[in-house]
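Be aware that the sequence shown starts at 28, since it is given in the numbering used here, and climbs by one per residue.
We put the CB at the ideal spot given by N, CA and C, even for glycine.
Note sheet for the following structure.
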Amino acid sequence: MHDFCFTIPYGLILMSGGLIGYLKRGSTVSLAGGGGMGLLLILAGYLSLKAFGKKKNSFFAIFLETACSITLTYVMGQRYLQTSKIMPAGVVAGMRFTFKVHLASGSVAMLLVLDVVDAVMTGFYLFKIATGGNHFPAKAE
Numbered sequence: 028m029h030d031f032c033f034t035i036p037y038g039l040i041l042m043s044g045g046l047i048g049y050l051k052r053g054s055t056v057s058l059a060g061g062g063g064m065g066l067l068l069i070l071a072g073y074l075s076l077k078a079f080g081k082k083k084n085s086f087f088a089i090f091l092e093t094a095c096s097i098t099l100t101y102v103m104g105q106r107y108l109q110t111s112k113i114m115p116a117g118v119v120a121g122m123r124f125t126f127k128v129h130l131a132s133g134s135v136a137m138l139l140v141l142d143v144v145d146a147v148m149t150g151f152y153l154f155k156i157a158t159g160g161n162h163f164p165a166k167a168e
């Protein structure tokens with residue numbers, strides 16, 4: 028699977044989450060965090076897709092995707108540790124709308140659902156770096 032197949036939808040979800048957080052709560056942090064990270068991920072996915080079309084790898088895009096994903100995993104983890112709230116503000120505020128789940132504070136289940144997405148994407152991007160990026164199918168002769 029190619030990185031841009033996941034990165035562009037991931038970026039769109041984050042941008043949507045930032046916008047929803049802003050519209051529902053007036054949170055400019057949500058708009059900047061979710062919108063900014065989402066925009067960076069969409070840009071990285073686009074660069075990777077364009078490079079793939081030329082049968083090349085865009086290591087800049089893969090490193091940018093990885094940096095965004097690590098940052099999101101760290102920030103959301105730190106926010107949870109500081110507030111002990113499963114639904115931290117910012118990017119995750121939009122996911123509340125998507126999942127429509129309201130759990131009591133202290134429940135680990137929602138933390139796993141929300142933070143695992145960022146952690147899995149981080150793992151995926153690290154795998155792509157370790158294996159040399161996107162692989163191209165051999166020409167059929």
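Checklist entry - Roughly how many whole angstroms lie between the Cα atoms of G117 and Q105? => result Locating residue 117 in the sequence shown gives position 90, where the first residue counts as 1. Locating residue 105 in the sequence shown gives position 78, where the first residue counts as 1. Caution applies to G117, whose pLDDT of 41 falls short of 50 and renders its modelled position unreliable; the value that the coordinates give is listed next. When rounded, the distance between both Cα atoms is 12 angstroms.
Checklist entry - Do D145 and S75 have their C-beta atoms closer together than 7 angstroms? => result Within the sequence shown, numbered from 1, the residue matching residue 145 stands at position 118. Within the sequence shown, numbered from 1, the residue matching residue 75 stands at position 48. No, Cβ-Cβ distance for D145 and S75 is not below 7 angstroms.
Item to check | Distance between beta carbons of I69 and L39, contact taken as under 8 angstroms | outcome: Within the sequence shown, the letter at position 12 stands for residue 39. Within the sequence shown, the letter at position 42 stands for residue 69. Their Cβ separation, rounded to whole angstroms, is 7 angstroms, which keeps L39 and I69 in contact under 8 angstroms.
Checklist entry - CA-CA distance, S43 and G60? => result Taking the first residue of the sequence shown as 1, we reach residue 43 at position 16. Taking the first residue of the sequence shown as 1, we reach residue 60 at position 33. Between S43 and G60, the C-alpha separation is close to 11 angstroms.
Checklist entry - Considering only residues of the same chain and omitting the five flanking positions on each side of L58, which have a CB-CB separation below 6 angstroms? => result Against the sequence shown, residue 58 aligns to sequence position 31. Around L58: G45, Y49.
Checklist entry - Beta-carbon separation of F31 and K82 under 7 angstroms? => result For the purposes of this step, residue 31 is taken as the residue at position 4 of the sequence shown. For the purposes of this step, residue 82 is taken as the residue at position 55 of the sequence shown. No. Outside cutoff.
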